[in-house]
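One line per chain: the protein sequences are A and B, in this order. Numbering-wise (the numbering used here), the first sequence opens with residue 840 and increments by one. Numbering-wise (the numbering used here), the second sequence opens with residue 321 and increments by one. Think of the CB as a built atom: it goes at the ideal place given N, C-alpha and C, for glycine as much as any other residue.
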Amino acid sequence: MQSMLEKRQLKVKAKTLQEYGVVLGEITPGHQAGRVLSCLARALLIFLGVAGTLFCTVTPFDLPFNMPLVFLSLAVMSLFVSFLYYNRITFYVGYLLLFVLITMTAFLLYWYINSGYQAFTNVVSAAYSDYFGLSSYREATEHITNRYITVTTTLCALGFILCIFLNIALGYMNLVVTFLLTFPLIQIPLYIGRVPNPIFGAFLLSLYITVGILSRSRHFKIPPYTQKKMTFLHIQKKKKMTHNYLASGFGVFTTTLVSILLSIVFLFVTNGLFYTDLGSKTETNIVKAKTDEFLKIFSQTGLSGFFNRYSSTGGLANGKLGGVSTVRPDYQYDLSITYVPYTYDTLYLRSYVGDTYAFDEFMHTLPEAYDASFSISQNDRESFTPNSSEDHSVVTHISPENTSDTSMSYKPAYAWMEIVNLDNAISAQFYPYDTLLSYANTANFTHPAKHYYEGILPLSLAESDALLSEYELTPTPSLHAIDDDLQAQEGDISTISFYTPYSFDTPAKDNLSLPAGYEDYVYENYLQVPEELTEALSDVIKEIGLTNHTRENNASSAREDILKNARLLDNYFLENFDYTMSPGVTPRNRDVVEYFLTTQKRGYCMHYAASSAVLLRMVGIPTRYVEGYVIKATDLEDATAVADAYDNWYFLENDLADTGLVNVRITDGNAHAWTEIYLDGHGWIPYEFTPPSTGDDLFTGGFSFFSLMSDLFRTTDNAMSNLTDNIGDVSTPSKRHQGLRFIRSMSFLLKPLAFIGLFVALLSVVLLNLHRIKLSLKNRQALRKQDYSTALRCSIMQYKWKLSHKGLLHNHAGLREMMHYYEEKLSSTEVSEKHTLSDSDIICLQDISAKALYSKNPISAAEYDTAIHILGNARFLSK
Amino acid sequence: MQKKNIPFIITYILTVLFFFLAAMFYRQSFLAILVLLLCVLPVLSILFTNLAIRKLSVDINLETFSITQGFPAIITLQLHNKSLFPLLNGNLSFSFQNNYYPSQVKHTLGVPLEPRRKAPYKLPFETSKAGLLTFDFHEFHVTDPLHLHTFCVTLKKHFECTVLPPQDNISFPVPAPAKRESEEDILYVPEGEQTGDIKELREYRPGDKLKDVHWKMSAKADTLMVKEFEKAAGHMLFLLPILYGEALDATLKTFYNTCRYLVSIREIFTVGIFEGSDQTFTYITVTEEEHILKALLALFFATPSAGRSLPLAALSEQTEDASGIMEIYGKEVLVDGNAIYVGKETTES
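In structure tokens form, the structure reads like this:
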């Protein structure tokens, strides 16, 4: 059967024959280019490309794998794919086999390949993290931990895929595609200055050289399988017809070998350059800096880190929800907290409060809360400052039991917490639960304390200024609100004099300090839910089993009802949802809460806090969305001990026997979101709905294409193993100085360029003049031996070379043509040179030359001199 | 002759610049090596190609100078790269045509020149129409592997090959030629012109041609006996092939086979070859096979007529009596407008 191309060519041929009476038939080369040789040549190229790419990428990292096995499998695969186009049978059977192999590999070896891939990416992430000085990096779970097997399997699988793609690219000899398939992978180690074995580099270089040379030669194509006998491709374009020889397996081979040789020699010559670590972090520039940023994100969070709609450093989002694909904490220290730990429970420091949910955001819209009617004497207040040596025996230990006596006005008990703001990006104040801000002081001014924080802090403070805030312990929740006008700056220090966290084990009591009408205010303003969500989430509420809450006169039973709903919701999340820092962005046309509850079912604290706030509101329970920081027990393990004695910092009995004054530095990784629930008659309590992270959030519930793909990219958690000291920015010199230094640093290219340029120039000169040099040496040798015939022959050849070099004579011209050239010039009127060959000169030279060239009898010395004299008199005549 | 390929040079420079900038910004040793390699490669590429060109030999030969229609004219091309460097971008530019059907198409044969290897190629030119084939091999270009520079080797070889019409045995009653009396008549044949008819056998006289010797009779007579031919009676057959239009090919075939037939029956005739460009005639007398080829060749060089009746009209002006002239047009042989022979339908080859 003929292919379409063959039929088309035959048609054109018949038409030409009919029209012009003659046509060029099928050209027969003297020796047929074997298809086997062409396929083998291509297999060699594929092997060079795949082996070079994979080994250049993997060997710089210390990953264990079976190199001989990978080499062998790459060789076999290269042969297999290159012979796919040998003929029709190999084409169909081969591709069928390919499909079966790929499918089988995917099913049988998926977890090996996945683990191998994750092993590689984990190692690369760690390497990049070291290079950039990051304190965390992306780390994924390797289901199979035997890296020797998994990495070997992955390399073989990846090599297989790469062989297929390279085979296609080499079928068209497309240099750009070949380059794009191979070069980005080897950038992985090269970018961070990890240099692979030069031999593998030579593989790649030789591939690029060969493909670059062959891409324009048109002689590399293996004829399609239907055109076994066709060795020429005939193409007609208007009045031009080209007949290209299709396959030159020998030519491809020789070109490949020449390229390999050239690459190895080249690498040998530039050996010093190749091993030189040119990468220097101090020699940076804007392009590299931008690329570095990109790579930092990738190494920290993987691909999903690029899908954030807005930047998320992992800190406070101030109510903005849903646009984060992956939380990316920078793990820089945000707060430095000095206090006396008294419990291992998590300490919540509240900052942002969102009261109104709309458009994927929990906004703070409501005005400040009520004042409470507390008063503290100025004397009491002033006596309680840090490091004061005054006796605080006036302090009464306040315990929850004491508060049952409603008639007693208790004396406040104080503790101090100094919070230093280290991150200028934070513009908020942080308050522990159940405290009152009673005193705030700066080095520059003092101001009377307010019972409730109402945003009295000045807008700007110098870094060294200490803002002292005194908080009074209250037995019941106090009413906190946040003022948006607060602008705490970096370095601000707020010292909280008293605090206590809400304990979930402590039953809620009636809060006598609640102002009249406050509860009505809460029920009026903290049940807002967007209308479009009520219908969408009603099924969820039914599924959870939440019951509608109504206000009752009995606050205690009301509280029970509220807490029961909260526990139902909490359990629902625990059983059906997963925790992850990389949940993926919410689609733009979906509401964050609705998408999380109905589709996504995985997320981090923001999702749980916002969803629970909305769901509870829907059943009539007032809630608020809160953001802030938490101090966990694990943070205390890394705390720095400041002093053993802490009398000036803590005035209550401490349940912890072994405690003291400590300093804890927390990062944006400690940023957190939670829900506040209003308990009737008691007040606002924080409630934690976020399930604990299991460290393994891979979806193993079933198989889906999404999970297959996402498993390759999903991170489990941020591997925050050890907080390292923050690496400060390298001090940047002035721009002009930077520029000059950068230009000077490019000298690394000048020396090798000069060396190679000189080498090539010498080589060119020698090679171009080699013929002349040989003739000259032969001439001298002949004269020494008095062989004037040979000497004259050499002289004539040299003279001919001069003429042809000047373009005055054809390369292959003989003596006769040379004489003819002079005859023509003599008869021309354009001759202007004085010394030219006369007729007699020409005849004489011809005679002597003929004798020298063809006669058995040698010419004499006199004849030689005459001929040389004549040649010497001749001048190059211009065209 | 050498030619620089400006677009490729620009592309190459841009590529080097790209990698140079990449090396400058990212300071990678591999990139730096690529830059160096890219700087070195053009020089090496052009240098080695130049050296290889000097040792290149190109031989072109036409196997046969005359073929029959339907058979190919074969040209052998022998390329020999004596260097160690492969030349993968060799292009031979040539053109060919049948002079009756001029073609403006220029052909390029792209062949690789592997190192130290002879590369023979046979170029068969299939024919379907009679005529004169001309082949011109202009030059051989070799471009360096990076396509930056093209070297040209001038060849300027010209070949000609006649394509004879296919042979066909025909026969028809030959009309008697008209007698011309006037010497000014271009068709006038003076008496004394030797014909092919043997008048008598006589003894050899010095000066007789050896080919006229009747060897059989000489053996019998034991002396050399020479054939004496009849002299022309002042009249001769006149053939006028009309090369016009689509019947050209059929005309050639009919003409050729008519000539062969007439020679086979020992008729002497004159062929009038009409030159369409200036409407003049060339006359060739045919007495043997050799003359047929001569007439054909002259016919191949003639420009076809602009009109069907032009040749006869032009001849009529130059003769008193145009009767008896055998016109050959297409597959017909006509005398005074009457077809005395009609050939079979020809099938396209």
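**OP:** Using beta-carbon positions only, say whether A:T1094 and B:L408 come within less than 8 Å of one another.
**Re:** As a working mapping, residue 1094 of chain A is identified with position 255 in the first sequence. As a working mapping, residue 408 of chain B is identified with position 88 in the second sequence. Yes. Within cutoff.
**OP:** Show which residues of chain B have a CB atom less than 9 Å away from the CB atom of A:T1017.
**Re:** For this step, residue 1017 of chain A is matched to residue 178 along the first sequence. None at all; the shortest Cβ gap to chain B is about 14 Å.
Original post:
Whole-angstrom Cβ separation of B:L357 and A:L1024, contact assumed at under 8 Å?
Top reply: The residue you call residue 357 of chain B lines up with position 37 of the second sequence. The residue you call residue 1024 of chain A lines up with position 185 of the first sequence. Going by Cβ atoms, the distance from B:L357 to A:L1024 rounds to 20 Å, so no, they are not a contact pair.
**OP:** Measure the C-alpha to C-alpha separation of B:Y332 and A:I1052 and round it to an integer number of angstroms.
**Re:** On the second sequence, position 12 is the one that residue 332 of chain B refers to. On the first sequence, position 213 is the one that residue 1052 of chain A refers to. The alpha-carbon atoms of B:Y332 and A:I1052 are separated by roughly 13 Å.
Original post:
Using a Cβ-Cβ cut-off of 8 Å (strictly less than) and excluding sequence neighbours within five positions of A:V862, which residues of its own chain qualify?
Top reply: As a position in the first sequence, residue 862 of chain A is number 23, starting the count at 1. So the list reads K852, T855 and L856, once near-sequence residues are dropped.
Subject >> DSSP state of B:N658 mapped onto helix, strand, coil >> reply: If you number the second sequence from 1, residue 658 of chain B lands on position 338. It is a strand residue.
**OP:** Please list, in chain order, all residues of the same chain as B:N401 whose beta carbon is under 8 Å from its beta carbon, the five residues on each side excluded.
**Re:** Numbered from 1 along the second sequence, position 81 holds the residue referred to as residue 401 of chain B. Only A372, K375, L376, L407, L433, E434, P435, R436, R437 and A439 meet the Cβ criterion.
**OP:** Use the C-beta contact count for B:E520: other C-beta atoms within 10 angstroms, 16 or more gives buried, fewer gives exposed.
**Re:** Translated into positions along the second sequence, residue 520 of chain B becomes position 200. By the neighbour-count rule (16 or more Cβ atoms within 10 Å), B:E520 is not buried but exposed.
Original post:
Counting contacts by CB-CB distance shorter than 8 Å, is B:K426 in contact with chain A?
Top reply: Here residue 426 of chain B corresponds to residue number 106 of the second sequence, with the count starting at 1. At least one chain A Cβ lies under 8 Å of B:K426.
Original post:
How is A:A1484 classed by DSSP in three states: helix, strand or coil?
Top reply: Residue mapping note: residue 1484 of chain A aligns to position 645 of the first sequence, counting from 1. In this structure, A:A1484 counts as coil in the three-state DSSP scheme.
**OP:** Can you grab the Cα-Cα spacing for the pair A:L940 / A:C895, in whole Å?
**Re:** Numbered from its first residue, the first sequence carries residue 940 of chain A at position 101. Numbered from its first residue, the first sequence carries residue 895 of chain A at position 56. Computed Cα separation, rounded: 26 Å.
**OP:** Tell me where the alpha helix (DSSP H) around A:T944 begins and ends.
**Re:** If you number the first sequence from 1, residue 944 of chain A lands on position 105. Start and end: R927 to L947.
Original post:
Considering only residues of the segment 979-1063 of chain A, which uninterrupted alpha helix (DSSP H) runs meet the minimum length of 4 residues and lie entirely inside it, listed in chain order?
Top reply: 986-1010, 1014-1030 and 1037-1053
**OP:** To the nearest angstrom, report how far apart A:V932 and B:D456 are at their CA atoms.
**Re:** The residue given as residue 932 of chain A occupies position 93 in the first sequence. The residue given as residue 456 of chain B occupies position 136 in the second sequence. Using only the alpha carbons, I get a separation of about 47 Å.
Original post:
Looking at C-alpha atoms only, which residue of B:L397, B:F405, B:V355 and B:S448 is the closest neighbour of B:S312?
Top reply: A question about residue 312 of chain B goes unanswered here, because the residues of chain B that appear run from 321 up to 669.
Original post:
Where B:I490 and B:A634 are concerned, what is the direct C-alpha to C-alpha distance, given to the nearest angstrom?
Top reply: Within the second sequence, residue 490 of chain B is the residue found at index 170, counting from 1. Within the second sequence, residue 634 of chain B is the residue found at index 314, counting from 1. Looking at the two C-alpha atoms, the distance is approximately 28 Å.
Original post:
Leaving out five residues before and five after B:N419 in sequence, what residues of the same chain have Cβ atoms less than 7 Å from its Cβ?
Top reply: Residue 419 of chain B sits at position 99 when you count from the first residue of the second sequence. The residues are G451, L452, T454 and F620.
Original post:
If you draw a straight line from the C-alpha of B:F558 to the C-alpha of B:F385, how long is it?
Top reply: For this step, residue 558 of chain B is matched to residue 238 along the second sequence. For this step, residue 385 of chain B is matched to residue 65 along the second sequence. Taking the straight line joining both Cα atoms gives about 29 Å.
**OP:** Express the C-alpha separation of A:M1445 and A:P1316 in angstroms, rounding to a whole number.
**Re:** Here residue 1316 of chain A corresponds to residue number 477 of the first sequence, with the count starting at 1. Here residue 1445 of chain A corresponds to residue number 606 of the first sequence, with the count starting at 1. Because A:P1316 sits at a pLDDT of 44, beneath the cut-off of 50, its placement in the model cannot be relied upon, and the following sentence gives the value as read from the coordinates. One C-alpha to the other measures close to 23 Å.
Original post:
Going along chain B in order, which residues have a C-beta closer than 9 Å to the C-beta of A:P868?
Top reply: Counting from one through the first sequence, the residue named residue 868 of chain A turns up at place 29. Within 9 Å Cβ-Cβ: V431, A439, P440, Y441 and K442.
**OP:** Give a yes or no on whether 8 Å exceeds the smallest Cβ distance from A:L883 to chain B.
**Re:** Translated into positions along the first sequence, residue 883 of chain A becomes position 44. Output row for A:L883: interface = no.
Subject >> Short CB-CB distance (under 8 Å) between A:I1681 and chain B >> reply: The sequence position of residue 1681 of chain A within the first sequence is 842, counting from 1. Output row for A:I1681: interface = no.
Subject >> Run of the beta strand (DSSP E) containing A:Y1365, from where it starts to where it stops >> reply: Residue 1365 of chain A sits at position 526 when you count from the first residue of the first sequence. Note, A:Y1365: premise wrong, no beta strand (DSSP E); not H, not E.
Original post:
Which class does A:E1702 belong to by DSSP, given the choice of helix, strand or coil?
Top reply: Taking the first residue of the first sequence as 1, we reach residue 1702 of chain A at position 863. In the structure shown, A:E1702 sits in a helix (DSSP, three-state: H, G or I).
**OP:** Please report the residue range of the alpha helix (DSSP H) in which B:S415 lies.
**Re:** Stepping through the second sequence from its first residue, residue 415 of chain B is reached at position 95. From DSSP, B:S415 is part of no alpha helix (DSSP H) but of the beta strand (DSSP E) over L407 to N418.
Original post:
Tell me, which residues are paired with A:G1442 by DSSP?
Top reply: The sequence position of residue 1442 of chain A within the first sequence is 603, counting from 1. Paired residues: A:Y1418.
Subject >> Span separating the alpha-carbon of A:L1186 from that of A:V1469 >> reply: In the first sequence, residue 1186 of chain A corresponds to position 347, counting from 1. In the first sequence, residue 1469 of chain A corresponds to position 630, counting from 1. If I take the Cα positions, the gap works out to 6 Å.
Original post:
Does the beta carbon of A:S877 come closer than 8 Å to any beta carbon on chain B?
Top reply: Here the question's residue 877 of chain A lines up with position 38 in the first sequence. It does not: the Cβ of A:S877 has no partner Cβ on chain B nearer than 8 Å.
Original post:
In this structure, does DSSP put B:F385 in helix, strand or coil?
Top reply: For the purposes of this step, residue 385 of chain B is taken as residue 65 along the second sequence, with counting starting at 1. Coil.
**OP:** Note down, one range per segment and in chain order, each beta strand (DSSP E) of at least 3 residues found wholly within the segment 321-365 of chain B.
**Re:** 322-324
Original post:
Where A:P1180 and A:A1448 are concerned, what is the direct C-alpha to C-alpha distance, given to the nearest angstrom?
Top reply: Residue 1180 of chain A sits at position 341 when you count from the first residue of the first sequence. Residue 1448 of chain A sits at position 609 when you count from the first residue of the first sequence. Each residue's alpha carbon lies about 26 Å from the other.
Original post:
To which residues does DSSP link B:H400 through a beta bridge?
Top reply: Your numbering for residue 400 of chain B matches position 80 in the second sequence. Answer is B:S377 and B:K438.
**OP:** Sort out for me which residues DSSP pairs A:P1525 with in a bridge.
**Re:** For the purposes of this step, residue 1525 of chain A is identified with residue 686 of the first sequence, where counting begins at 1. A:E1515.
Subject >> Simplified DSSP assignment, three categories, for B:E652 >> reply: Here residue 652 of chain B refers to the residue found at position 332 when the second sequence is read from its first residue. Of the three classes helix, strand and coil, the one that applies to B:E652 here is strand, per DSSP.
**OP:** Could you round the C-beta distance between A:T1049 and A:L884 to whole angstroms and report it? I think they count as a contact, below 8 Å.
**Re:** Position 210 of the first sequence, counting from 1, holds the residue named residue 1049 of chain A. Position 45 of the first sequence, counting from 1, holds the residue named residue 884 of chain A. Yes, A:T1049 and A:L884 are in contact; Cβ-Cβ is about 6 Å, under 8 Å.
Subject >> Given B:I588 as reference, the closest of B:K476, B:Y603, B:E446 and B:V355 once Cα atoms are compared >> reply: Position 268 of the second sequence holds residue 588 of chain B. For B:I588, the nearest C-alpha among the options comes from B:Y603.
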